[in-house]
Amino acid sequence: MAIPTAASTPAVALTADLTQAELFTQIAGNASLSASFWINIALAGVAILLFVYMGRNVADSRAQLIFVATMMVPLVSISSYTGLVSGLTVSVISVPYPGGGSEEVLIMWGRYLTWALSTPMILIALGLLAGTNLTKLFTAVVMDIGMCITGLAAALTTSSLLLRWFWYLLSCAFFVAVLYVLLVEWPADAREAGTAEIFGTLKTLTVVLWLGYPIFWALGSEGLAVLTTTQTSWAYSLLDVGAKYVFAFLLLRWVVANQNVISTVGSGSLGAATASAD
Ligand code: RET
């Protein structure tokens, strides 16, 4: 059987019954959409190699834990974008729009699914940096997973416009809980832990960029369709560059230079990653 490629297969109309090969062809045939995926595959690859190199001499167990959590971010990302570019984690669905109509839209649902793995890693790294306790870390992580899964439900609901946006509101409610931990609870913990400065920088980067995701969802092809699918994809891809690779680089560079600070964080909170002798 011939394997379809972008060059050999003519473009087909967007319908719900496209095969994975046809979805792959659609994506490959749209140079800009493809580029929004490939740029992240390339950057994630570079980030993985760079972070392995940066972490080669990290000896403190808490610093190592932050490294592993942060390393997972580009590792999940490269998997996520490979799913998108191959047509595995995208579907064409009929999205209802305000005003009564609906349209066949290419939905990149793999993004929401993989955010449920990558964003908890970002929060675990930030929580460890702030010297949080288990309750606050658990709260941030489960609320964040709730945000991603209900966001996935919003993107995939086709039966009702109202319920589609109800899922969106539910996801925003989970997001508010995450923002509360990030903006109120952890800054206070970080002050006590002596990591307030770097935590402050990373918190601002995270909060500002993360707020972009629901905004672009609402404006994009899954929401009000002010933006095209390709524009929406680029918006997410560029937010990802800052929220993942820039974030991870700044954090890991600080951790490498301040292992002595990291090793003293945590007594009375999550504790060290390994049991202490005293
Ligand atoms: C959605 C739509 C529904 C409402 C909200 C959203 C928030 C998404 C966020 C995503 C962050 C992703 C990151 C990925 C890095 O790997 C699901 C778009 C609130 C905040 C940082």
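Every position in the sequence shown, counted from 1, becomes a number in the working numbering once 50 is added. Backbone N, C-alpha and C define an ideal beta-carbon position, used for all residues, glycine too.
Do residue i and ligand 1 come close, with the Cβ less than 6 Å from some heavy atom?
{"i": "G151", "result": "no"}
{"i": "P264", "result": "yes"}
{"i": "S168", "result": "yes"}
{"i": "Y218", "result": "yes"}
{"i": "G79", "result": "no"}
{"i": "W284", "result": "no"}
{"i": "K294", "result": "yes"}
{"i": "G95", "result": "no"}
{"i": "G133", "result": "no"}
{"i": "G270", "result": "no"}
Short check: CB of residue i to CB of residue j, under 7 Å?
{"i": "T120", "j": "L301", "result": "yes"}
{"i": "G181", "j": "A243", "result": "yes"}
{"i": "C198", "j": "Y230", "result": "no"}
{"i": "G270", "j": "T280", "result": "no"}
{"i": "W165", "j": "A205", "result": "no"}
{"i": "L73", "j": "G151", "result": "no"}
{"i": "T189", "j": "W217", "result": "no"}
{"i": "Y263", "j": "L93", "result": "no"}
{"i": "L259", "j": "G292", "result": "yes"}
{"i": "L232", "j": "F297", "result": "no"}
{"i": "I329", "j": "I128", "result": "This structure cannot settle anything about residue 329, because the visible part of the chain is limited to 51 through 328."}
{"i": "Y131", "j": "A275", "result": "no"}
{"i": "G175", "j": "I98", "result": "Residue identity differs from the one stated: residue 175 is Ala in this sequence, not Gly. Going by C-beta atoms, A175 is not nearer than 7 Å to I98."}
{"i": "S86", "j": "I77", "result": "no"}
{"i": "G177", "j": "L187", "result": "yes"}
{"i": "D194", "j": "L173", "result": "yes"}
Can you tell me whether DSSP reads residue i as helix, strand or coil?
{"i": "V108", "result": "coil"}
{"i": "G95", "result": "helix"}
{"i": "V234", "result": "helix"}
{"i": "L277", "result": "coil"}
{"i": "T65", "result": "coil"}
{"i": "T245", "result": "coil"}
{"i": "Y147", "result": "coil"}
{"i": "E272", "result": "coil"}
{"i": "T185", "result": "helix"}
{"i": "S209", "result": "coil"}
{"i": "G79", "result": "coil"}
{"i": "V315", "result": "coil"}
{"i": "S136", "result": "coil"}
{"i": "N308", "result": "coil"}
{"i": "Q70", "result": "helix"}
What residues match up with residue i in a beta bridge as DSSP calls it?
{"i": "V142", "result": "L156"}
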